[in-house]
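Note that this note's numbering has the sequence shown beginning at -13, numbered continuously upward. No residue lacks a Cβ here, since even glycine has one placed at the ideal position from N, Cα and C. Worksheet for the structure shown next.
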Amino acid sequence: MFFELLLQRLIDAMNAQVDVARHLMERILHELVRNSSDKKQTLATLVPLISSTEPPALQVVLYLVKLCLESCERGTPQETEFLLKQEVADGVLGALTRCLSHASSKVRKHAVDCLVVYHFATKEDNTIMNKYLSAALDDTRQRLVGIFIDRANMERHHIDLSS
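Next comes the structure, spelled out in structure tokens:
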């Protein structure tokens, strides 16, 4: 409860702050999410903020979602299986796909980044994500997300080969 309240208050306060204070709040939020032990609860707290927040705080929320999903990706399949549950996928993917229609190109880019990381966090189990994206997005946006996933796949493969 404290975590949720703190997260919400910091994000709400970001819009009224000058750049230095906003940067400090972003760093605090980053550390809170990075060090969170319950990724499912963290996502459950962040996802509703996507639809209730406007830029520039929305970009920060999307970045925090991406950070949380990246932490999930580093976990075991047992730790990330909650991402494959229909209600979690509906919430996360629904909020992210709605952002793909946002007026801000930065918001759209952050949303695509989150979708790419979601793909890898589910250990590349595409069943739910593909089903959801095909129902929620037109062909052009589906291809766009697919291109970014393929690009990330190639970058990861290239990094693995050079290591």
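Tell me which same chain residues have a C-beta within less than 7 Å of the C-beta of residue i, skipping the five on either side of it?
i	result
HIS55	Checking the sequence, you will find Leu at residue 55 rather than His. Contacts found: CYS100, VAL103, TYR104 and ALA107.
LEU70	THR108, ASP111 and ILE114
Are there 16 or more other CB atoms within 10 angstroms of the CB of residue i, so buried, or fewer, so exposed?
i	result
LEU10	exposed
SER57	buried
GLU225	Because the chain in this structure spans residues -13 to 149, residue 225 falls outside the shown range and cannot be described.
GLN27	exposed
GLN45	buried
ALA(-1)	exposed
ILE14	exposed
Which same chain residues, not among the five before or five after residue i, have their C-beta less than 8 Å away from its C-beta?
i	result
THR31	PHE(-11), GLU(-10), LEU(-7) and GLN(-6)
Ignore the nearest five residues each way along the sequence and tell me which others in residue i's own chain have a CB closer than 6 Å to its CB.
i	result
ILE135	VAL102 and HIS105
LEU86	ARG94, ALA97 and ARG127
LYS109	PRO63
VAL74	PHE68
Between residue i and residue j, which are expected to be in contact by the criterion C-beta below 8 Å, what is the C-beta distance as a whole number of angstroms?
i	j	result
LEU123	THR83	6 Å
- Where are the alpha helix (DSSP H) runs, 4 residues long or more, that stay fully inside the segment -6 to 81, in chain order? For the segment -6 to 81, whole alpha helix (DSSP H) runs of length 4 or above, ordered along the chain, are 5 to 20, 25 to 38, 43 to 59 and 63 to 66.
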